[in-house]
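Asker:
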Amino acid sequence: MKNIPELLSPAGSLDKLKIAILYGADAVYCGGQKFGLRTASDNFTEAELREGVLFAHERNSKVYVVLNGFLHDEDLEELPSFLRLLEEIKVDAVIVSDLGVIETVKNNCNVPVHLSTQASCLNTESARFWKSKGVERVVLGREVTLKEAKKIKEEADIEVEVFVHGSMCMAYSGNCTISNYTQGRDSNRGGCAHSCRFEYSIDYKGGAQTKSTFMSSKDLEGVALLPEFVHSGVDSIKVEGRMKGPHYAGTITKIYADALKELSLEGEISKESLAYYDSELMKVTHRDYSSASLGAPAGADSIYNEREHDEKEYEVSGVVADLVEGEFILLEVRHAFYVGDELELLPFKGKSQPFRASSVLNFIGEVREKTKPGELVKIPWISGAEKLNLVRRRLAL
Ligand code: SF4
2 MKNIPELLSP AGSLDKLKIA ILYGADAVYC GGQKFGLRTA SDNFTEAELR EGVLFAHERN
62 SKVYVVLNGF LHDEDLEELP SFLRLLEEIK VDAVIVSDLG VIETVKNNCN VPVHLSTQAS
122 CLNTESARFW KSKGVERVVL GREVTLKEAK KIKEEADIEV EVFVHGSMCM AYSGNCTISN
182 YTQGRDSNRG GCAHSCRFEY SIDYKGGAQT KSTFMSSKDL EGVALLPEFV HSGVDSIKVE
242 GRMKGPHYAG TITKIYADAL KELSLEGEIS KESLAYYDSE LMKVTHRDYS SASLGAPAGA
302 DSIYNEREHD EKEYEVSGVV ADLVEGEFIL LEVRHAFYVG DELELLPFKG KSQPFRASSV
362 LNFIGEVREK TKPGELVKIP WISGAEKLNL VRRRLAL
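According to the working numbering, the residues represented by the sequence shown are 2 to 398, in order.
#1: Could you spell out the range, first to last residue, of the beta strand (DSSP E) harbouring threonine 211?
#2: Please classify isoleucine 203: is it buried, with 16 or more other beta-carbons within 10 angstroms of its beta-carbon, or exposed?
#3: Please determine, among Glu328, Ala322, Asn390 and Ala337, the residue with the shortest C-alpha to C-alpha distance to glutamine 354.
#4: By alpha-carbon positions, which one of Ala128, Pro6, Gly32 and Asp27 ends up nearest to glycine 13?
#5: What residues in its chain sit with their C-beta under 6 Å from that of tyrosine 257, if we drop five residues either side in the sequence?
#6: Check whether the segment 214–227 touches the segment 127–137, taking contact to mean three or more Cβ pairs, one atom from each stretch, closer than 8 Å.
#7: Would you mind reading off the limits of the alpha helix (DSSP H) that contains lysine 151?
#8: Any heavy atom of ligand 1 inside 6 Å of the beta-carbon of alanine 172?
#9: Do the segment 230–243 and the segment 146–158 make contact, defined as three or more Cβ pairs closer than 8 Å?
#10: At the level of alpha carbons, what is the spacing between alanine 120 and lysine 255?
#11: If you follow the alpha helix (DSSP H) that phenylalanine 71 is in, where does it begin and where does it stop?
#12: Is it a yes or a no for the segment 291–302 touching the segment 326–343, going by three-plus beta-carbon pairs under 8 Å?
#13: Can you find a heavy atom of ligand 1 that lies under 6 Å from the Cβ of histidine 195?
#14: What's the C-alpha gap between glycine 192 and methionine 169?
#15: Should isoleucine 238 be counted as a contact of ligand 1 given a C-beta to heavy atom distance under 6 Å?
#16: Taking just the CA atoms, how far does leucine 275 sit from tyrosine 182?
#17: Using C-beta distances below 8 Å, list every residue in its chain close to lysine 91, excluding the 5 sequence neighbours before and after it, in chain order.
#18: Hey, out of Tyr278, Leu50 and Pro374, whose CA is closest to leucine 226's CA?
#19: Taking the DSSP output, what are the residues bridged to aspartate 187?
#20: Using a Cβ-based criterion (distance less than 6 Å to any ligand heavy atom), does isoleucine 179 qualify as near ligand 1?
#21: Does the distance from the CB of leucine 141 to the CB of cysteine 122 come in under 7 Å?
#22: For valine 325, does the count of other Cβ atoms within 10 angstroms reach 16, so buried, or fall short, so exposed?
#23: Could you check where the beta strand (DSSP E) with lysine 272 kicks off and where it finishes?
#24: Who are the Cβ neighbours of threonine 125 in its own chain at under 6 Å, not counting the five residues just before and after it?
#25: Isoleucine 380 to valine 102, Cα distance in whole Å?
#26: In chain order, what residues of the same chain have a beta carbon less than 7 Å from the beta carbon of aspartate 99, not counting five sequence neighbours either side?
#27: Between which two residues does the beta strand (DSSP E) containing lysine 239 stretch?
#28: By alpha-carbon positions, which one of Glu316, Arg369 and Leu347 ends up nearest to histidine 336?
#29: So who's on the other strand from tyrosine 201, going by DSSP bridges?
#30: Kindly list the residues whose CB is nearer than 7 Å to the CB of lysine 371, restricted to its own chain and excluding five residues on each side of it in sequence; keep chain order.
#31: Using the C-alpha atoms, what's the distance from valine 139 back to serine 127?
#32: I need the DSSP call for aspartate 93, collapsed to helix, strand or coil.
#33: Between lysine 107 and the rest of its own chain, which residues show a CB-CB distance below 7 Å, the 5 nearest in sequence each way excluded?
#34: With H, G and I counted as helix, E and B as strand and the rest as coil, what does DSSP make of glycine 101?
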């Protein structure tokens, strides 16, 4: 099948950038220390940005840097020098929501501009306008259906990116100030506290009162709709989640990369594969899944009827830091596990491989019964393991 879109994954840190790329991302997006919308994310230092771009380009992947906060004059003063750095290190695009920022980018560097979903581009005229301002790609608002995305792409003749997976925002793609009022945190300058996920009391006229999570959206998930993404001709499909961990970055990227590959080779995704991808989707932290507005505008069934409550079946036990083929794996422990625990290796290619940690040694060869987060341990060799593979553990349910 032709016209397979780019798979764009979140990279909340250098670690996650490498993991996403090795698990199949064609491109990743990340933020510098300022100007983005994720102040709580481990945003990249200058040295990390340089290393990340080099790592991506050596593997034919791209790096886009988010500058999608709504900036005030004081923020704009520092932007030109950052833009010159991004150009020097050959970042592939910047993701922008504000007209003033677009002007500043155009006046200071030649880095391509992608319009952030924060700008809520929902129609062809809007896409044409942004194109006239020098924007090369629009990341459409999550309220747009795939049918509408196809029309915008064809009629505005511009690159189009559409969200395929991740947390949703009940406001028009972030145009929201609930966190400003409830937490004193500015959503449009990176401070969203997910206030929409909380439970609220509603007073009806006449005194009746009820508690509800009426603004709390389910997570977006679009694996089964990938053939329709291809049919729509969109250029890029985006996974949300820079704040989520390496397990999410690796697992979700691999699911979509494998599904797109199957689609390009076979022209369809088999029922067996869909069932496998569904089971993998359950392993990462998630809320109930929904296809939101991809098929038709999202309705009441896209709201999560409970207080913030994430489901997860697995947690990441460690990341392969190094290995000696045929002998041992050096694992950087992320969550504690015991010797004898049933674990699972997530290889870059092929299905996950269950194994038992039959012995665990610390770095100086002492036997360990229980590991600690942050330490390096040796476990026996697992065939097919590679550096930066994830190792995970099923949680007792
Ligand atoms: S509080 Fe909720 S609706 Fe508002 S910006 Fe954050 S995620 Fe979106």
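Note that CB positions come from ideal geometry on N, CA and C, so glycine has one too. As the structure is a computational prediction, the values presented were derived from the model and not from experiment.
Answerer: To lay it out plainly:
#1: The residue you call residue 211 lines up with position 210 of the sequence shown. Looking at the DSSP string, the run of the beta strand (DSSP E) that includes threonine 211 is 210–213.
#2: For this step, residue 203 is matched to residue 202 along the sequence shown. Exposed, since its Cβ has fewer than 16 Cβ neighbours within 10 Å.
#3: The sequence position of residue 354 within the sequence shown is 353, counting from 1. The shortest Cα separation from glutamine 354 among Glu328, Ala322, Asn390 and Ala337 belongs to Asn390.
#4: Position 12 of the sequence shown, counting from 1, holds the residue named residue 13. It is Gly32.
#5: Position 256 of the sequence shown holds residue 257. Its chain contains Leu8 as the residues whose beta carbon lies nearer than 6 Å to that of tyrosine 257, once the 5 sequence neighbours on both sides are disregarded; these appear in chain order.
#6: no
#7: Sequence index remark: in the sequence shown, residue 151 carries index 150 (1-based). Unbroken alpha helix (DSSP H) run through lysine 151: 147–157.
#8: The residue given as residue 172 occupies position 171 in the sequence shown. Because some heavy atom of ligand 1 lies under 6 Å away, the Cβ of alanine 172 counts as near it: yes.
#9: yes
#10: Taking the first residue of the sequence shown as position 1, residue 120 is located at position 119. Taking the first residue of the sequence shown as position 1, residue 255 is located at position 254. Going from the Cα of alanine 120 to the Cα of lysine 255 covers about 29 Å.
#11: In the sequence shown, counting from the first residue as 1, residue 71 sits at position 70. Counting along the chain, phenylalanine 71 falls outside any alpha helix (DSSP H), and DSSP gives it neither H nor E.
#12: no
#13: As a working mapping, residue 195 is identified with position 194 in the sequence shown. True, at least one ligand heavy atom lies under 6 Å from that Cβ.
#14: Here residue 192 refers to the residue found at position 191 when the sequence shown is read from its first residue. Here residue 169 refers to the residue found at position 168 when the sequence shown is read from its first residue. Going from the Cα of glycine 192 to the Cα of methionine 169 covers about 16 Å.
#15: As a first step, residue 238 is located in the sequence shown; it is residue number 237 there, counting from the start. Answer for isoleucine 238: no, Cβ out of range of ligand 1.
#16: Within the sequence shown, numbered from 1, the residue matching residue 182 stands at position 181. Within the sequence shown, numbered from 1, the residue matching residue 275 stands at position 274. Approximately 42 Å between the Cα atoms of the pair.
#17: Within the sequence shown, numbered from 1, the residue matching residue 91 stands at position 90. Excluding sequence neighbours, lysine 91 sits near Val54 and His58.
#18: Residue mapping note: residue 226 aligns to position 225 of the sequence shown, counting from 1. Nearest option by C-alpha distance: Tyr278.
#19: Numbered from its first residue, the sequence shown carries residue 187 at position 186. Partner(s): none; aspartate 187 has no beta bridge.
#20: What you label residue 179 is simply residue 178 of the sequence shown in a count that begins at 1. Yes.
#21: The sequence position of residue 141 within the sequence shown is 140, counting from 1. The sequence position of residue 122 within the sequence shown is 121, counting from 1. Yes, Cβ-Cβ distance for leucine 141 and cysteine 122 is below 7 Å.
#22: Sequence index remark: in the sequence shown, residue 325 carries index 324 (1-based). Valine 325 comes out exposed.
#23: Here residue 272 refers to the residue found at position 271 of the sequence shown. Premise fails: lysine 272 lies in the alpha helix (DSSP H), 272–282, not in any beta strand (DSSP E).
#24: Here residue 125 refers to the residue found at position 124 when the sequence shown is read from its first residue. Hits under 6 Å: Ile153, Glu156 and Ala157.
#25: Translated into the one-based positions of the sequence shown, residue 380 becomes position 379. Translated into the one-based positions of the sequence shown, residue 102 becomes position 101. Cα to Cα, the separation comes out at about 50 Å.
#26: For the purposes of this step, residue 99 is identified with residue 98 of the sequence shown, where counting begins at 1. Cβ neighbours of aspartate 99 beyond the five flanking positions: Phe71 and Leu72.
#27: Translated into the one-based positions of the sequence shown, residue 239 becomes position 238. Residues 237–240.
#28: For the purposes of this step, residue 336 is identified with residue 335 of the sequence shown, where counting begins at 1. Closest by alpha carbon: Glu316.
#29: Here residue 201 corresponds to residue number 200 of the sequence shown, with the count starting at 1. According to DSSP, which records beta bridges pairwise, tyrosine 201 is partnered with Ser213.
#30: The sequence position of residue 371 within the sequence shown is 370, counting from 1. Within its own chain, the residues whose Cβ lies closer than 7 Å to the Cβ of lysine 371, once the five positions on either side in sequence are excluded, are Ala337 and Tyr339, listed in chain order.
#31: As a working mapping, residue 127 is identified with position 126 in the sequence shown. As a working mapping, residue 139 is identified with position 138 in the sequence shown. Rounded to the nearest angstrom, the gap between the Cα atoms of serine 127 and valine 139 is 10 Å.
#32: Translated into the one-based positions of the sequence shown, residue 93 becomes position 92. Three-state result, aspartate 93: coil.
#33: For this step, residue 107 is matched to residue 106 along the sequence shown. Same-chain partners within the cutoff: Gly135.
#34: Residue numbering aside, residue 101 sits at position 100 when the sequence shown is read from its first letter. Correct three-state label for glycine 101: helix.
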